[in-house]
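Numbering (the working numbering), first residue to last: 631 to 1094.
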Amino acid sequence: MIGPRYCTTIFATPGEIPQAPQVSELFVSGVSLITYTALRLKPNVLTSALDTGKIDQNHGENSYLAKLIDHHGLHYSELLPAGRLPTEIALAAHAQADDLHQSIIWMDDEYALLVIPWVFATANRTDALGSLRLSHALHLDELMQLVSVITSRSVCEKVAKQAVTALYDQAILSDGDVIEARPMYALPAIQIWDLNGSARKEAPYDGVNESRRFCWEISTLMSYATDHVSKDGLWRRRSPDQVFNDVAMGYTVLGDHMVFVNPNCCLEISHLPVDLRSRSEFRMRYYGFDSSSIFVWAIANLRQAVSEGLERHYRATMETLVTEPTIAAKRNISIAKSQLRHSAMLTEIHNFRDFLHEARNRAFDEELCLLRKSDEAAARTAKEMDRVIQLASELSRARDQVVTSNSNTLLAALAAGLAIGGIPELVEQVDVWARHKDWLKLCVALLLAIIIIAAILRIWKGRR
631 MIGPRYCTTI FATPGEIPQA PQVSELFVSG VSLITYTALR LKPNVLTSAL
681 DTGKIDQNHG ENSYLAKLID HHGLHYSELL PAGRLPTEIA LAAHAQADDL
731 HQSIIWMDDE YALLVIPWVF ATANRTDALG SLRLSHALHL DELMQLVSVI
781 TSRSVCEKVA KQAVTALYDQ AILSDGDVIE ARPMYALPAI QIWDLNGSAR
831 KEAPYDGVNE SRRFCWEIST LMSYATDHVS KDGLWRRRSP DQVFNDVAMG
881 YTVLGDHMVF VNPNCCLEIS HLPVDLRSRS EFRMRYYGFD SSSIFVWAIA
931 NLRQAVSEGL ERHYRATMET LVTEPTIAAK RNISIAKSQL RHSAMLTEIH
981 NFRDFLHEAR NRAFDEELCL LRKSDEAAAR TAKEMDRVIQ LASELSRARD
1031 QVVTSNSNTL LAALAAGLAI GGIPELVEQV DVWARHKDWL KLCVALLLAI
1081 IIIAAILRIW KGRR
């Protein structure tokens, strides 16, 4: 694995973890919480919306698509409306109600990912990043409550529903286009990008040193789903070993930020407002976060959505096929075509790191695949595909055998009937009837010939 070469050591041993602070030292004035919803759609719906201009995407030098080499096949839309901020979130964040936004990511548009950035910032900001305004800087317990509510099943399902409804309202989707919408509420990303509320000098984030200082808070955020950590200030009672497991290593480039990751959460902590470069402002406006690592995390979520979606689809197909004695050749061909398409999609998304331009992002993606055991998930999905295509082929062959047997029986019966009916004598009589202009008998003979030919053609088509 090449990942560790791009990691930075924060703590070498658990003994270096400082004592837990009596109160939180981390106060957040700006934060982006990103949640995701997996969609299964009818094919070509998003491609059509892109071609007709209903969806826009930016390919400029500051966009995330610029992080990829040519022919990557990924689509990442600019922000679209996603409804209003739910009341329970406004109460948890002490924030003013405002509009939510979303982006859509896809490769093959049968499986897509809705990316919903919740961008919170204190009300005294003047840089107009499209934030949901906070009344004050959040300390850790308030931030943990906010993360807990946003990642709850009920809120994620509510927001997923209103986000899909917003796509209907904009005519990007039509009734029946969405086959399945599944919130991925357990896989958020967090970017803390404004530390003005903390007691620290006005300076860029000092990656290693400040990660040491805020290690208890960072570790707690990484364990957002653990009730014993997130409630009643119990995060201070964790052992140094537990904190060490979360923050011993992190990813960074210039030391002005730090990225931490585990199978369930990607967290970046930085201090953008000190030196808000045009690139950072662009990404905050158009995506809701400024983090290449969170972009790679989104690709990992798309990969998981595709793999899980295909596995469920082919398992359901298998459950249907085992109840059927035979299937038509046309259906077998349709299943085979879908399997080829889905297999190519699974391979492409699984090997997507080859399209990432920077080695550090490729290493980060490889680390995510190891943490989530993506190879095993892809193997399970491929196995389900193989089982379905094998059973479909067998059922199609069984139908061919049944059709062949039935048609042979019908042909034998028809031949016997023709022999009994004395077709040779009938042919001789036609000449006699023609000479005597016996039109009634000629018409009856012609009708009989048509019936026989039609029966033969129907049997022949059935055998095909």
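Built from N, CA and C at the ideal position, the CB exists for glycine as well.
If you run the structure through DSSP and keep just helix, strand and coil, what is residue 853? Residue 853 falls in the coil class under three-state DSSP.
Using only the alpha-carbon positions, how far apart do residue 778 and residue 854 sit? Roughly 7 Å separates the two Cα atoms.
Taking only runs of the alpha helix (DSSP H) that begin and end inside the segment 771-838, which ones reach a length of at least 4 residues, in chain order? As far as the segment 771-838 is concerned, its whole alpha helix (DSSP H) runs of at least 4 residues are 783-799.
3 or more residues per run - each beta strand (DSSP E) lying fully within the segment 880-943: If one requires a minimum length of 3 residues, the beta strand (DSSP E) runs lying completely within the segment 880-943 are 887-892 and 895-900, in chain order.
Which full runs of the beta strand (DSSP E) of 3+ residues lie inside the segment 677-755, going along the chain? For the segment 677-755, the full-length beta strand (DSSP E) segments reaching 3 residues or more read 710-714, 729-736 and 741-752 along the chain.
Would residue 865 be called buried (16 or more neighbouring beta carbons within 10 Å of its own) or exposed? Residue 865 should be labelled buried.
May I have the straight-line CA-CA distance separating residue 694 from residue 921, to the nearest angstrom? For residue 694 and residue 921, the distance between alpha carbons rounds to 9 Å.
Relative to the C-alpha of residue 824, which residue among 769, 795, 686 and 974 is closest? The candidate whose alpha carbon is nearest that of residue 824 is 769.
How many angstroms separate the CA atom of residue 878 from the CA atom of residue 856? Near 19 Å, if we compare the C-alpha coordinates of residue 856 and residue 878.
Can you pull the DSSP bridge partners for residue 670? Looking at the DSSP output, residue 670 sits in a beta bridge with 741 and 810.
Given a cut-off of 8 Å, decide if residue 952 and residue 803 are closer than it, judged by their beta-carbon atoms. Not in contact: residue 803 and residue 952 (Cβ atoms no closer than 8 Å).
Cβ atoms of residue 767 and residue 874: under 8 Å apart, would you say? In this structure, residue 767 does not lie closer than 8 Å to residue 874 by Cβ.
Going by alpha carbons, who is nearest to residue 747 out of 639, 732, 739 and 736? Ranked by how close their Cα comes to the Cα of residue 747, the residues 639, 732, 739 and 736 have 732 in first place.
Buried versus exposed, by CB contacts within 10 Å (16 or more), residue 639: Exposed, since its Cβ has fewer than 16 Cβ neighbours within 10 Å.
What alpha helix (DSSP H) runs, 4 residues minimum, are completely inside the segment 972-1003? The segment 972-1003 contains these whole alpha helix (DSSP H) runs: 989-1002.
Closer than 8 Å by C-beta to residue 1014: which residues in its own chain qualify, once you throw out the five before and the five after it? Chain order, please. Cβ within range, chain order: 940, 941, 944, 945 and 948.
Residue 986 to residue 955, Cα distance in whole Å? In a straight line, the C-alpha of residue 986 is about 47 Å away from that of residue 955.
DSSP state of residue 656 mapped onto helix, strand, coil: Correct three-state label for residue 656: coil.
Looking at the structure shown, is residue 643 part of a helix, part of a strand, or coil, going by DSSP? Here residue 643 sits in coil by DSSP.
With a Cβ-Cβ cutoff of 8 Å, do residue 869 and residue 655 count as a contact? It is not a contact, given that the beta carbons lie outside the stated cut-off.
Look at the alpha carbon of residue 765 and the alpha carbon of residue 830, and state the distance between them as a whole number of angstroms. Here the alpha carbons of residue 830 and residue 765 stand approximately 20 Å from one another.
Residue 661 - DSSP class collapsed to helix/strand/coil: Of the three classes helix, strand and coil, the one that applies to residue 661 here is strand, per DSSP.
So is residue 1081 buried or exposed if we call it buried at 16+ other beta carbons inside 10 Å? Classification for residue 1081: exposed.
For residue 762, the first and last residue of its enclosing beta strand (DSSP E): Where residue 762 is concerned, the enclosing beta strand (DSSP E) stretches over 762-764.
Which first and last residues belong to the alpha helix (DSSP H) in which residue 872 is found? Element bounds for residue 872: 870-877.
So what does DSSP say about residue 956, is it helix, strand or coil? Coil.
Please work out which residues of its chain come closer than 8 Å, Cβ to Cβ, to residue 641, disregarding the five sequence neighbours upstream and downstream, and give them in chain order. Scanning its chain for C-beta atoms nearer than 8 Å, with the 5 sequence neighbours on each side dropped, one finds around residue 641 the residues 647, 842, 845, 874, 877 and 878, in chain order.
Closest to residue 660 by CA distance: which of 1010, 997 and 899 is it? The shortest Cα separation from residue 660 among 1010, 997 and 899 belongs to 899.
Since residue 924 and residue 664 should fall inside the 8 Å C-beta cutoff, what is the C-beta to C-beta distance between them, to a whole number of angstroms? That belief holds up - the Cβ atoms of residue 924 and residue 664 are roughly 6 Å apart, short of 8 Å.
Is the segment 899-915 in contact with the segment 981-995, if contact means three or more CB pairs nearer than 8 Å? With a cut-off of 8 Å on Cβ pairs, the segment 899-915 is not in contact with the segment 981-995, counting fewer than three such pairs.
Contacts around residue 1008, its chain only, beta-carbon distance under 7 Å, and the 5 residues preceding and following it disregarded: Once the five neighbours on either side are set aside, the close Cβ partners of residue 1008 are 937, 976 and 980.
Given this structure, state the Cα-to-Cα distance separating residue 995 from residue 989, to the nearest angstrom. The alpha-carbon of residue 995 is positioned some 10 Å away from that of residue 989.
Identify the residues that DSSP records as bridge partners of residue 950: which are they? Paired residues: none, contrary to the question.
Check whether the Cβ atoms of residue 796 and residue 711 sit closer than 8 Å, and answer yes or no. Taking a C-beta distance under 8 Å as the contact criterion, residue 796 and residue 711 qualify as a contact pair.
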